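What follows is a set of notes on a single structure, which appears directly below.
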Amino acid sequence: MMTEHELFTAKQWLEIKNTRNSLLRETDWTQVNDHPFSEQESLLIKDYRAALRNIPQDFMSPDEVVWPKKPGVLVES
Numbered sequence: 001m002m003t004e005h006e007l008f009t010a011k012q013w014l015e016i017k018n019t020r021n022s023l024l025r026e027t028d029w030t031q032v033n034d035h036p037f038s039e040q041e042s043l044l045i046k047d048y049r050a051a052l053r054n055i056p057q058d059f060m061s062p063d064e065v066v067w068p069k070k071p072g073v074l075v076e077s
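All residue numbers for the sequence shown refer to our numbering, where the first residue is 1 and numbers rise by one.
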């Protein structure tokens with residue numbers, strides 16, 4: 001049986017993964033062949049998406065999670 005702290009931590013990870021998945025979905029369109037980005041911009045987006053995917057492996061605790069900064073090319077003006 002999980003302790004209250006373990007349940008809380010599991011809930012935090014679930015919320016983090018849901019947010020991460022939402023951010024990835026927001027950028028899925030950037031992965032199609034006819035995207036409007038330069039090669040350099042595409043690399044920035046690729047790195048951003050990789051950082052999002054790696055959050056569960058890169059952080060030992062939900063409290064340590066640092067969200068990657070969205071590339072400027074994706075920030076709405």
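The beta carbon of each residue, even a glycine, is placed where N, CA and C say it ideally should be. What you are looking at is a predicted structure, and each value in this text was computed from that prediction instead of being measured.
When you compare the CB positions of residue i and residue j, do they come within less than 9 Å of one another, or not?
i	j	result
residue 66	residue 16	no
residue 20	residue 53	yes
residue 10	residue 2	yes
Between the Cα of residue i and those of the options, spot the shortest distance and give me the residue it belongs to.
i	options	result
residue 72	38, 61, 55 and 8	38
residue 61	13, 2 and 4	13
residue 46	76, 5 and 30	30
residue 69	23, 40 and 1	23
residue 48	63, 32, 1 and 28	28
Helix, strand or coil for residue i, going by three-state DSSP, please let me know.
i	result
residue 11	helix
residue 77	Confidence at residue 77 is low in this model, with a pLDDT of 48, below 50, so its placement is unreliable and the value that follows should be read with caution. It is coil, neither helix nor strand.
residue 33	coil
May I have the straight-line CA-CA distance separating residue i from residue j, to the nearest angstrom?
i	j	result
residue 41	residue 74	9 Å
residue 56	residue 6	16 Å
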